[in-house]
Each structure stands twice: as structure tokens, then as C-alpha cells.
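> Please read through the structure below; I'll follow up with questions.
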Amino acid sequence: MKIMIGLGSCGIASGGLKVRDTFEDLAKQNPDVKLEVGETGCMGMCYKEPMVEVIDDSGFSTIYGEVSPEKAKEIFEKHIKGGKAVEESVVMKSDGTGAESNFITKQQRIVLSRCGKINPESLDEALAMDAYKGLEKALKNMTPEEVVAEVLASGVKGRGGAGFPTGLKWKFAAAPVSDQKYIICNADEGDPGAFMDRSVLEGDPHSVIEGLAIGGYAIGASEGYIYARAEYPIAIKRLEIAIRQAEERGFLGDNILGTGFSFHLHIKQGAGAFVCGEETALIESIEGHRGMPRMRPPYPANKGLFGKPSNINNVETLANIGWIIRNGAAAFAAIGTEKSKGTKVFALAGKIKNGGLVEIPIGATIRDVVFGIGGGTSSGKPFKAVQMGGPSGGCIPAEYVDTIIDYDTLAATGAIMGSGGMIVMDEDNCMVDIARYFLNFTQSESCGKCTFCKIGTKRMLEILERITKGEGVDGDIEKLELLADQIKRNALCGLGQTAPNPVLTTIRYFRHEYEAHIKDKKCPAHQCKALIKYEINPEKCIGCTACSKKCPVGAISGVLKSAHKIDQSKCTKCGTCLSSCKFGAISVD
Amino acid sequence: MCGCCKEDSKYYEPFEAIMSGFKGTESDLIPILQKLQGAYGYLPEDIIKRLSERTGIFVTQIMGVATFYSQFKLKPSGRHSIKVCFGTACHVNGAETVAEALCDELGIKLGDTTPDGEFTLESVACLGCCSLAPVMMIDDEAYGRLTPAKVRQIIRDFYAKEGKAK
Ligand SMILES: Cc1cc2nc3c(=O)[nH]c(=O)nc-3n(C[C@H](O)[C@H](O)[C@H](O)COP(=O)(O)O)c2cc1C
Ligand code: FES
Chain A
21 MKIMIGLGSC GIASGGLKVR DTFEDLAKQN PDVKLEVGET GCMGMCYKEP MVEVIDDSGF
81 STIYGEVSPE KAKEIFEKHI KGGKAVEESV VMKSDGTGAE SNFITKQQRI VLSRCGKINP
141 ESLDEALAMD AYKGLEKALK NMTPEEVVAE VLASGVKGRG GAGFPTGLKW KFAAAPVSDQ
201 KYIICNADEG DPGAFMDRSV LEGDPHSVIE GLAIGGYAIG ASEGYIYARA EYPIAIKRLE
261 IAIRQAEERG FLGDNILGTG FSFHLHIKQG AGAFVCGEET ALIESIEGHR GMPRMRPPYP
321 ANKGLFGKPS NINNVETLAN IGWIIRNGAA AFAAIGTEKS KGTKVFALAG KIKNGGLVEI
381 PIGATIRDVV FGIGGGTSSG KPFKAVQMGG PSGGCIPAEY VDTIIDYDTL AATGAIMGSG
441 GMIVMDEDNC MVDIARYFLN FTQSESCGKC TFCKIGTKRM LEILERITKG EGVDGDIEKL
501 ELLADQIKRN ALCGLGQTAP NPVLTTIRYF RHEYEAHIKD KKCPAHQCKA LIKYEINPEK
561 CIGCTACSKK CPVGAISGVL KSAHKIDQSK CTKCGTCLSS CKFGAISVD
Chain B
24 MCGCCKEDSK YYEPFEAIMS GFKGTESDLI PILQKLQGAY GYLPEDIIKR LSERTGIFVT
84 QIMGVATFYS QFKLKPSGRH SIKVCFGTAC HVNGAETVAE ALCDELGIKL GDTTPDGEFT
144 LESVACLGCC SLAPVMMIDD EAYGRLTPAK VRQIIRDFYA KEGKAK
């Protein structure tokens, strides 16, 4: 028997290491039980971490969720020793049964096909699931031009946000003649609510390395860089291991697989700057400078890293490449909609019941993801909107829940496909606050090079802060729209050009919420602190003292069995009292 | 390592060990600063000066890079680091209220260190466990599903465990 423990960042944060240690200790104490303890990356069901998968000798798998060290002991006794699954903790079995099987069976996995199935630190396990077959095929049976043509025919578009056709990009980078070219993997994953790229790097680093090597061959680059976010230590460690393994086995380095093609790969760690996800800023950063974007043209395909022709692709884009070459462009193009092919990985989070990593065929609807896979809101309250594309994206309201997820349909709503962040919100979330949140982010990450972004976003933020504080005035919405338009048209790079999107989409779909803040000085979602007040209804309060005991700042006074009172001057509006009252005596307005 | 024993050549040992692994070109600057910060906990002024002398990169240019990227610190940090997540998932689940309670409990602002040198409080974007939102990390341990009351208790427990008065 074999047991795999999910040790992506999510699994580790939820206590996965203790679970692994428990199983290892049990295996040591019971040498008569034949058990192999292995580890794997993110299985996708982050909401059920820590997760373990038990695979019996016939290959039948049982996946358990929310496994504590105590639960681990029970699984060891009953399932591994006794052969009977601990049913109440099973999330899914390989025959498709189990309480949470919807989460997996409704997905279609290309990019994540090996994530959560293999040990990311074992090249052999990756090879057993077809890693590097695409590279071998490209190097041995195809010319670089044929590789470019195949990627072009697959229709795959960049998954980093802009959605530019990857084959076309490769064609541009292949064209110039140069003594040196570079291919770069953008693993900066700057969207503050997204973790797709991290999970791929942690769960299946070889897929990205394979994509880079194929890309290097296609455009004629012998050197590659992976620019990884510094906050991703586990991903970086696994990449380092994977690169070493690939070099040892001849998938990287000189004369790869005896074909004469040489390709060397380096990791560069970012240092914490969102703008470095923009490709020209990323190049500046690798060169050792402040990460400020350059004017384009010249485009990186002509004059990129160290002044040489360069091609930059996102992690997920590259993780598709091996599959495309292995299975052919037609197989890939058979998935998706007419104009957008393949699958897309989303990091589903926020007020969602089943949050995690989700890969769906392009063309599924938002409803399929939020309700079919995600199970609806975590609070059980009505679904209000979904935010896609992070700081560059927008909010799509509940009325549009049947919108098809593809590049063009989403763009028509004012949101974008983005890199894959998908944040679900319920009726308790204030849309003006969300706009302020994202603008605060882009404003503080603005590099300061161009005036429209540096000063324009600052002015927009000031207005939004005023509105959420109840100090909004007539004309603020129009001023926001005017500034947004000017910044979009005139900012130097994508950061500024897209920064107004969260504001514009919330104005478009939730204008009444802006107006309630400005005109009525009310926050309909009861979230903006300056506009709300907690009060105790003396008719309903029985004087149980629960709230006054819980209040962290001592703002509630009253004696046992008589109605309590909140001192508004002390109240920090943290909401602790509201959730502690069992009699519905506390209200917020 | 403290700054008071600078005369001691031991203070510069990590610097020398790190520099021996690099050619010292411009494109090495960020990796060098990352390693130096790893060894010294922050980027001390005299180390930056020495780096400039060694590589020929101007101090202004080094400072330009060090202040551009949020990873680099020019002040020493507390013994423990608290990272509060301000990622989107945490934000929609009430991270701001949690952070306010944390600041109030510690008596400091985001980005500062407590006067007793115990904690440095930082904000970060997505710690990667969004399904536990709102989340914070104290050193390497993640704490999830936080409420204002819960974070206050965690800090009080931490001080109690260390046997120190706040
Ligand atoms: C401000 C800003 C941040 C970006 N951040 C990222 C990022 O974190 N990851 C990414 O892959 N692309 C990011 N991009 C997009 C890149 O500039 C580039 O388009 C992408 O890496 C190209 O890869 P693709 O064609 O495979 O999508 C960002 C763009 C901007 C303007
Ligand atoms: S947003 Fe906080 S952990 Fe992801």
C-alpha cells in the first residue's frame, strides 16, 4: 500500500507535515505493515487540507480530507491495517464516489494532470506520467518552425493575463538572427489573491521546465530564466531540485537527448514588486535594476534581456506546451470555444464553500465554477459577485453568473480572464470597498515612472477613501470615471492601463452602492466602518453578558439580567459582539 | 549579529563568504542583497558601503534597488515576524478588522517592531492558504480563520508561553 500526503503550501499551512510525520512514525513502529509513505503537491481541494491519498495494491485510491494526526492514526489502524476505509473522512474514491467528488469530476485537467498525483521531487514519477515526451518529440521529429506552427495551430493563448497567442509570440522571437536569445518564464504571480502558478511549480515543476526547453528550441534560445516570486520558497526549492534532476538525465544542459540542442536554465528570485510581473520591468529586474517598465517598442522579441531577442511566457502557458506537442495541436484545439482553446486554471477563493485549485475547459460558465465545483458561498448568504483578474480585472455581478468563461466574453463584461484569480463575494461585501482595496494595491505598487499612473491612481484612491469614509460628494463618481479613462489611455505599462478596471466595473454594476455611500452616507453591505453603528436592542437583550465579556475593548457595559449598552466612542466596530449574541439583540446599520 | 562588534573581523565573515560566490556584476546585485539580508537579518549601512567598494556599483544605485523592492529591510527586525495576509481572499473575509486588532494589541503600526523587540508586524499579499482566510503567520506557523478576538488571544498566549510580560 502507498499513502501520499499533500504538501503544497496549503497542505503545509494546514498542518500536513505533522500528518506525514505521524504516518512515518506509524510505519516505523509497524514494520510488518507494508506501507510506502510519499508526498505530493496540491491536490486542488485546499478547503479540505490536510489531505492524504491511500492507494492499495490494486491501484484503487481513497482520498481523505481534513486529516489531523489523530485521524491519521485512525486511518492507519482501520484502513491500512484493517482494509476498511474511514468513510466519514473520505472526500473521494477513484470510482468517483465520495462526498466531494463533484469538485474533481467536473474539472478537466491538462496543466494540473500530474499535480497532486506525483511526488514533485521525483523525476521518475513525472516520467511515468509522460513528462518530457513532448520535448523528445520536438527535438527528434520536428524542426523549430514545425514546433512554432504546432503551437500556433493549437490556439493556445498566454495565461499570464494579456491572452496573446503564444505561437505568434514565438514566431516573432524566432525571426531575428542573433548570437544569443533568451526564453523567460514569468513566475512572479503578482495578483494578491491567486496561487495557480505556485501550485503548478510546487506540484509539477518538470512541466514548466519541459515547456521552456521546447520554447528555447522553437525560438533558438540556449539560455532560459525562471523569474520566481521570492515569497514562494517551496516552489523555488522544488524547481532547483527538478532542474538538477533534468540536467542529470540529459533533459537540460548540453546536447539534450543526443540531439545537439543545448539549453541551460537559471532561477532568478524576485524581491517583492508587483510591477515586475510586467515583462519589460521583469527584464530590468533580472538585469539588477529597479523594476521599472521600458517604453515599447522595441519589444522584447527584438531587444529584451541584456539587449537580446527574448520571449516571456507565463508558468501555466508553458505547462501546456509539453501536452500540446505530445498530443498534437488538434487535440488541444478540440477543447474550448471557437476563439479560445484549451483549459484554464483558476484559484477559487473568497467567500466560497469549496475553495481551491480548479481547471476547467474554456467555455464553462461562471455558474459551473462557483456553484458546480465551488458549492456556492461559504456563508450560505446570497452570491453577489465574482472578481476576476485581480488588480487588473473587474467584478462580475450575480446577474451575469451564466457568462461563458473565454477571453472575449469576459472582456465584454469589463472584467478579464486574467491570470486566474477568482474571488467570490457574498452580500456582506461592499463593492466600493473592493474597488478601494484594489486601487490601494495598485497605487502602492505603482513604480512612479509615468505621471498618469503615479498621480492619477493616487487621486482616484483619495476619492474612494473619501467615499468609504462617508465624505463623498456629488460628482465623485464622474470624477472617478474621467480619471479612469485618462489613466487607461495614457499610462506607460499594463499596470496603470488596467488599474482603473476594478473601479469601472463596480461603478458599472453597483452604481447604487456608490450613491448610497455618497448621498445617504450608508454602506448597504454594512462593511465601511465610518458608516455603520452597532447597537443593542434593549427589548431583546436579556443581559446574558456574553457580548460584554467578549468585547476586546470593553465598550459594552451593563449588569447581569438587564439590557446592555455600547459606548460608541470606544467601539472599534470589530463585530465580535454581533457574532456572540445568541438572542439577535445586536444590530448593525 | 550586532553592530557593536564591527571591528571584529567575524562580522564581515558572512559578507566575504557571500561575495566569493559572485562575480559582482550589476545583474548579481539583487541576489547578493538577498543573501546579505539572509545573513544579517537586514541590510546594514556599513555592509552596503563595503558592497559598493567591492563591486564598484554606486551606493546610490544600491540604495535605489534596496528601496524599490519591498523585500529589502534597512532596519533590524524583531525576534519573531508576524505576517498578516492582505490578499484578496483574506480581505473579503475581514483581514482589515483582524489587522486593526493586532495593531491595537501590539501597540504598533503595520511595518513596525514592538519596543521590546519581540515582534515585527508586516502585511503580505496571499500566503497561499486562502481557504483558511483570514490568515497570519508567526514565524513559520500559519494561523487561520482569524477573528479580532482570536488574534488578541494568540498574542497574549505567545507572551505567556515565553514567560514575558507585555
Ligand atoms: C502590472 C503587471 C503585472 C503582471 N504580472 C504578471 C504575473 O505575475 N505573471 C504573469 O505571468 N504575467 C504577468 N503580467 C503579464 C506579463 O507582462 C506578460 O504579458 C506575460 O507574462 C506573458 O506571458 P503569456 O503570454 O504566457 O501570458 C503582468 C503584467 C502587468 C502589466
Ligand atoms: S489571500 Fe490570504 S492566504 Fe490567500
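Just so you know, the protein sequences line up as chains A and B, in that order. Under the working numbering, the letters of the first sequence match residues 21 to 609, in that order. Under the working numbering, the letters of the second sequence match residues 24 to 189, in that order. The beta carbon of each residue, even a glycine, is placed where N, CA and C say it ideally should be. Quantities reported herein were computed from a predicted structural model and do not represent experimental measurements.
Leaving out five residues before and five after threonine 397 of chain A in sequence, what residues of the same chain have Cβ atoms less than 6 Å from its Cβ?
Excluding positions up to five away in sequence, the list reads Lys371, Phe403, Asp446.
> For a test of your reading of the model: does the CB of glycine 290 of chain A fall under 7 Å from any non-hydrogen atom of ligand 2? Yes or no.
No, Cβ of glycine 290 of chain A sits at least 7 Å from all heavy atoms of ligand 2.
> For ligand 1, is there any heavy atom lying closer than 7 Å to the beta carbon of aspartate 208 of chain A?
Aspartate 208 of chain A: yes, Cβ under 7 Å from ligand 1.
> Could you compute how far the alpha carbon of alanine 207 of chain A sits from the alpha carbon of histidine 584 of chain A?
Near 54 Å, if we compare the C-alpha coordinates of histidine 584 of chain A and alanine 207 of chain A.
> Can glycine 273 of chain A and alanine 367 of chain A be called in contact, C-beta distance under 8 Å?
Taking 8 Å as the Cβ cut-off, glycine 273 of chain A and alanine 367 of chain A do not qualify as a contacting pair.
> Examine chain B for any beta-carbon lying closer than 8 Å to the beta-carbon of arginine 258 of chain A, and answer yes or no.
No, its Cβ sits nowhere closer than 8 Å to a Cβ of chain B.
> In chain order, which beta strand (DSSP E) runs of at least 3 residues are fully inside the region 62 to 144 of chain A?
Listed in chain order, they are 72 to 75, 81 to 84, 110 to 113.
> Ignoring anything shorter than 3 residues, give me the beta strand (DSSP E) runs that lie fully in the region 73 to 151 of chain B, in order along the chain.
Entirely contained in the region 73 to 151 of chain B, the beta strand (DSSP E) runs reaching 3 residues are, in chain order, 103 to 108, 142 to 147.
> For glycine 394 of chain A, count neighbouring Cβ atoms within 10 angstroms of its own Cβ and tell me buried if that reaches 16, exposed if not.
That one is buried.
> Please classify valine 176 of chain A: does DSSP put it in a helix, a strand, or coil?
In this structure, valine 176 of chain A counts as coil in the three-state DSSP scheme.
> Just mark lysine 549 of chain A as buried or exposed, buried being the case when its beta carbon has 16 or more other beta carbons within 10 Å.
Looking at its Cβ environment, which holds 16 or more other Cβ atoms inside 10 Å, lysine 549 of chain A is buried.
> DSSP on phenylalanine 281 of chain A, reduced to helix/strand/coil?
Phenylalanine 281 of chain A: coil per DSSP, three-state reduction.
> Have a look at cysteine 597 of chain A and glycine 154 of chain A and give me their C-alpha separation to the nearest angstrom.
The alpha-carbon atoms of cysteine 597 of chain A and glycine 154 of chain A are separated by roughly 59 Å.
> Using the beta-carbon of each residue, find all residues closer than 6 Å to any heavy atom of ligand 2 and list them in chain order.
The answer, residue by residue, is A:Gly213, B:Cys108, B:Gly110, B:Thr111, B:Ala112, B:Cys113, B:Cys149, B:Leu150, B:Gly151, B:Cys152, B:Cys153, B:Ala156, B:Val158.
> Classify glutamate 559 of chain A as buried or exposed, calling it buried when 16 or more other Cβ atoms lie within 10 Å of its own Cβ.
Exposed, because fewer than 16 other Cβ atoms sit within 10 Å of the Cβ of glutamate 559 of chain A.
> Could one say the Cβ of cysteine 30 of chain A lies closer than 8 Å to chain B's Cβ atoms, at least one of them?
Cβ-Cβ to chain B under 8 Å: yes for cysteine 30 of chain A.
> How many Å lie between isoleucine 3 of chain A and arginine 40 of chain A at the Cα?
In the structure as shown, chain A starts at 21 and stops at 609, and residue 3 of chain A therefore has no counterpart that could be examined.
> Using Cβ-Cβ distances below 8 Å, what residues of the region 75 to 105 of chain B are close to chain A?
So the list reads Gly87, Val88, Phe91, Tyr92, Ser93, Gln94, Phe95, given in the order they occur along the chain.
> Show which residues of chain D have a CB atom less than 9 Å away from the CB atom of threonine 592 of chain A.
Absent from the structure: chain D. Protein chains present are A and B.
> Which residues in chain B have a C-beta closer than 7 Å to the C-beta of glycine 292 of chain A? List them in chain order.
Here the neighbours are Tyr92, Ser93, Gln94.
> Opposite lysine 22 of chain A in the DSSP bridges: which residues?
According to DSSP, which records beta bridges pairwise, lysine 22 of chain A is partnered with A:Glu56, A:Ile75.
> Would you say threonine 111 of chain B reaches chain A, if we count a Cβ-Cβ gap shorter than 8 Å as a contact?
Yes - at least one Cβ of chain A is within 8 Å of the one on threonine 111 of chain B.
> Taking only runs that begin and end inside the region 214 to 245 of chain A, name each unbroken alpha helix (DSSP H) of 4 or more residues, in chain order.
Counting only runs of 4 or more, we get 216 to 223, 225 to 239.
> Quick one: what does DSSP say glutamate 501 of chain A is sitting in, helix, strand or coil?
Helix at glutamate 501 of chain A.
> So what's isoleucine 425 of chain A in DSSP terms, helix, strand or just coil?
Correct three-state label for isoleucine 425 of chain A: coil.
> I'd like the ranges of any beta strand (DSSP E) spanning at least 3 consecutive residues and lying wholly in the region 282 to 355 of chain A.
Complete beta strand (DSSP E) runs here, min 3: 284 to 289, 330 to 334.
> Are the CB atoms of glycine 375 of chain A and serine 154 of chain B nearer to each other than 8 Å?
Yes, Cβ-Cβ distance for glycine 375 of chain A and serine 154 of chain B is below 8 Å.
> Between valine 107 of chain B and serine 146 of chain B, is the Cβ-Cβ spacing less than 8 Å?
Against a cut-off of 8 Å, the Cβ pair of serine 146 of chain B and valine 107 of chain B comes out as a contact.
> Distance, Cα to Cα, alanine 238 of chain A vs tyrosine 34 of chain B?
Approximately 49 Å, taken between the alpha carbons.
> If I measure Cβ to Cβ from proline 89 of chain A and keep anything under 7 Å in the same chain, skipping five residues before and after, which residues do I get?
So the list reads Lys38, Val39, Thr42, once near-sequence residues are dropped.
> Would you tell me roughly how many angstroms separate the C-alpha atoms of methionine 24 of chain B and alanine 405 of chain A, rounded to the nearest one?
In this predicted model, methionine 24 of chain B has a pLDDT of only 48, less than 50, meaning its place in the structure is not dependable enough to derive any value.
> Entirely within the region 533 to 577 of chain A and at least 4 residues each: give me those alpha helix (DSSP H) ranges in chain order.
Complete alpha helix (DSSP H) runs here, min 4: 566 to 570.
> Considering only C-alpha positions, which residue in the set B:Ala124, B:Ala165, B:Phe181 is nearest to proline 171 of chain B?
Answer by Cα proximity: B:Ala124.
> Considering only heavy atoms of ligand 1, does any lie closer than 7 Å to the CB of glutamate 299 of chain A?
Answer for glutamate 299 of chain A: yes, Cβ within range of ligand 1.
> Considering Cα atoms alone, identify which of A:Ala339, A:Glu482, A:Tyr457 is closest to arginine 129 of chain A.
Residue A:Ala339 is the option with its Cα nearest to arginine 129 of chain A.
> Out of A:Glu222, A:Gln265, A:Met315, which one is the CA nearest neighbour of glutamate 336 of chain A?
Of A:Glu222, A:Gln265, A:Met315, the residue nearest in Cα terms is A:Glu222.
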